[in-house]
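Be aware that the sequence shown starts at 1, since it is given in UniProt numbering, and climbs by one per residue. Quick reminder that beta carbons are idealized off the backbone N, C-alpha and C, glycines included. Beneath this line is the structure, given in structure tokens, with notes to follow.
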Amino acid sequence: MSSIGQLPPTPVSATSSNVVLVTGGTGLVGSAMKNLIDTEPVGSSFGKKKDEEWVFLSSSECDLRDIQQTREIFGKYRPRMVIHLAARVGGLFANMSSQHTFLRDNLLMNDSVLQISHEMKVEKVVSCLSTCVFPDKVEYPLTEEKIHLGPPHSSNFGYSHAKRLIDVQNHAYHDQFGDQFTSVIPTNVFGPGDNYNLESAHVIPGLIHKCYLAKKNNTPFTVFGSGRPLRQFIFSRDLAKLFIWVLREYKEIDPVILSVAEDDEVSIKDVADAIIEAMEFTGPVEYDTSKADGQYRKPASNAKLTRLMKESGAGSFEFTPFKIALKESVDWFLNHYATDARI
Numbered sequence: 001m002s003s004i005g006q007l008p009p010t011p012v013s014a015t016s017s018n019v020v021l022v023t024g025g026t027g028l029v030g031s032a033m034k035n036l037i038d039t040e041p042v043g044s045s046f047g048k049k050k051d052e053e054w055v056f057l058s059s060s061e062c063d064l065r066d067i068q069q070t071r072e073i074f075g076k077y078r079p080r081m082v083i084h085l086a087a088r089v090g091g092l093f094a095n096m097s098s099q100h101t102f103l104r105d106n107l108l109m110n111d112s113v114l115q116i117s118h119e120m121k122v123e124k125v126v127s128c129l130s131t132c133v134f135p136d137k138v139e140y141p142l143t144e145e146k147i148h149l150g151p152p153h154s155s156n157f158g159y160s161h162a163k164r165l166i167d168v169q170n171h172a173y174h175d176q177f178g179d180q181f182t183s184v185i186p187t188n189v190f191g192p193g194d195n196y197n198l199e200s201a202h203v204i205p206g207l208i209h210k211c212y213l214a215k216k217n218n219t220p221f222t223v224f225g226s227g228r229p230l231r232q233f234i235f236s237r238d239l240a241k242l243f244i245w246v247l248r249e250y251k252e253i254d255p256v257i258l259s260v261a262e263d264d265e266v267s268i269k270d271v272a273d274a275i276i277e278a279m280e281f282t283g284p285v286e287y288d289t290s291k292a293d294g295q296y297r298k299p300a301s302n303a304k305l306t307r308l309m310k311e312s313g314a315g316s317f318e319f320t321p322f323k324i325a326l327k328e329s330v331d332w333f334l335n336h337y338a339t340d341a342r343i
């Protein structure tokens, strides 16, 4: 039998270190956070505090699905606070063909991280959800209180339910033990270090890769669908800053949406045009309308985030202009195309 769930909790005292442990620390958001911690001045709004140590955990160091391995790695670093980014993620086909795998792997990871954080008296845990946790049929804009109003979309119900249950777990730990476990819900994230694999990439990195190949091979740049759907995109480095604000300032157990405003939605055509400009592509562009557009828009409200940041004294958050953020992402792709395994 598996050892998961059989081992008794290890007795521990309250955490005495000043470590912030980031699971999934080498992924898109984790890498952006590490860049921020390495470059922002110590003691600044989005930098690390004096005498604080940040540890960015990779999957090679610990299988978080195994609660004993998780207990050992937490025992090694003894974090005071945790940012939980680690997850099994994949594209639409992977989700549809492996619902149980996505459900179980994420349930086990989340349970291990939250249970060991509880055992070791971690001061605060901030976990990362996804907009896919929202019901498939829901009134827009998406707001934090609508998460549990109905089932998520059937295409990724395993992953969605596992992510949604983090919110349930956070409330259960807080109600019974007083643990300060909370979560955030980012909209569509992009940035340097993204997954640009054409089989599994999300829309922005996928279009960047396709435009590059069109320019290289002197072929048309083909965009699936009409280009009309609208999406809210958040730059990974902006998201990293907001995560740090949540870690320092956010007091609630209920999640908070991290996103640009509704009126900052960008059409897929606008995305393609910005990539064409950044890539200096001069060839023909085609929109394959035989491919489905998907939902026209699924806007999320950042009203709660905006209100709380102002109340905390942080003021209005300045998001990186979309074209500037996209240019940085394109430049990263071009500089790493030949050497990075994520491409």
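Is it right to say A292 is buried, meaning 16 or more other beta carbons lie within 10 angstroms of its own, or is it exposed? Classification for A292: exposed.
Where E252 falls: helix, strand or coil (DSSP): Looking at E252 - three-state DSSP - the assignment turns out to be coil, as it is neither helix nor strand.
What did DSSP end up calling V89 once you bin it into helix, strand or coil? Residue state for V89 is assigned as coil, using DSSP reduced to three classes.
How long is the line joining the alpha carbons of H161 and K215, rounded to whole angstroms? When the Cα atoms are used, H161 and K215 turn out to be separated by approximately 40 Å.
Over the uninterrupted beta strand (DSSP E) stretch that includes A17, give me the two end residues. Note that residue 17 corresponds to Ser in the displayed sequence, not to Ala. Looking at the DSSP string, S17 is not in any beta strand (DSSP E), and its letter there is neither H nor E.
Go through its chain and collect everything with a Cβ distance to S58's Cβ below 7 Å, but skip five positions before and after it. Excluding five sequence positions before and after S58, the CB atoms of its chain that fall closer than 7 Å to its own CB belong to G25 and T26, given in chain order.
The region 26-39 / the region 224-240 touching (three or more Cβ pairs under 8 Å): Yes, the region 26-39 touches the region 224-240.
Would you check if the distance between the CB atom of P321 and the CB atom of E262 is smaller than 7 Å? No; because the gap between Cβ atoms is not below 7 Å, this pair is not in contact.
Please look up how many angstroms separate the CB atoms of A240 and L114, rounded, as I've assumed it's under 8 Å. Actually they do not touch by this definition, with Cβ atoms about 22 Å apart.
For I166 and L142, which I take to be in contact (beta-carbon distance under 8 Å), what is that distance rounded to the nearest angstrom? At roughly 17 Å, the Cβ-Cβ gap does not stay under 8 Å, so I166 and L142 are not in contact.
Where E280 sits in the DSSP three-state scheme: Secondary structure of E280 (DSSP, three-state): coil.
Which of the three DSSP states is assigned to S267 in this structure? Strand, per DSSP.
Select from N95, V138, A86 and Q180 the residue whose C-alpha is nearest the C-alpha of residue 344. Nothing about residue 344 can be read from this structure; the chain reaches only from 1 to 343.
Pick helix, strand or coil for A261, following the three-state DSSP scheme. DSSP, read as helix, strand or coil, puts A261 in coil.
Is A292 helix, strand or coil when you go by DSSP? Note: A292 maps to coil in three-state DSSP.
Flag this pair as touching only if the region 97-113 and the region 131-141 have three or more C-beta atom pairs under 8 Å; answer yes or no. Segments in contact, no.
Nearest to W54 (by Cα), restricted to the options V19, V42 and I73: Comparing Cα-Cα distances from W54 to each of V19, V42 and I73, the minimum goes to V19.
Cα-Cα separation between S127 and E311, rounded to whole angstroms: The alpha-carbon atoms of S127 and E311 are separated by roughly 23 Å.
Given 6 Å as the limit, tell me if I253 has its C-beta closer than that to any heavy atom belonging to the ligand GTP. Of ligands this structure carries none, so the ligand GTP is not represented either.
If we count the other Cβ atoms within 10 Å of its Cβ and call it buried at 16 or more, is R231 buried or exposed? Buried.
What's the C-alpha gap between M81 and R248? Rounded to whole angstroms, M81 to R248 spans 10 Å at the Cα level.
C-alpha distance - A314 paired with E144, whole-angstrom precision: Looking at the two C-alpha atoms, the distance is approximately 21 Å.
Cβ atoms of I253 and N302: under 7 Å apart, would you say? No, Cβ-Cβ distance for N302 and I253 is not below 7 Å.
Would you tell me roughly how many angstroms separate the C-alpha atoms of M309 and Q69, rounded to the nearest one? Distance from the CA atom of M309 to the CA atom of Q69, rounded to whole angstroms, is 37 Å.
Cutting at 8 Å between CB atoms, please list the residues of its own chain near P284, excluding the five before and the five after it. If we look at P284 and ignore the five residues flanking it on each side, its Cβ neighbours are P220 and F221.
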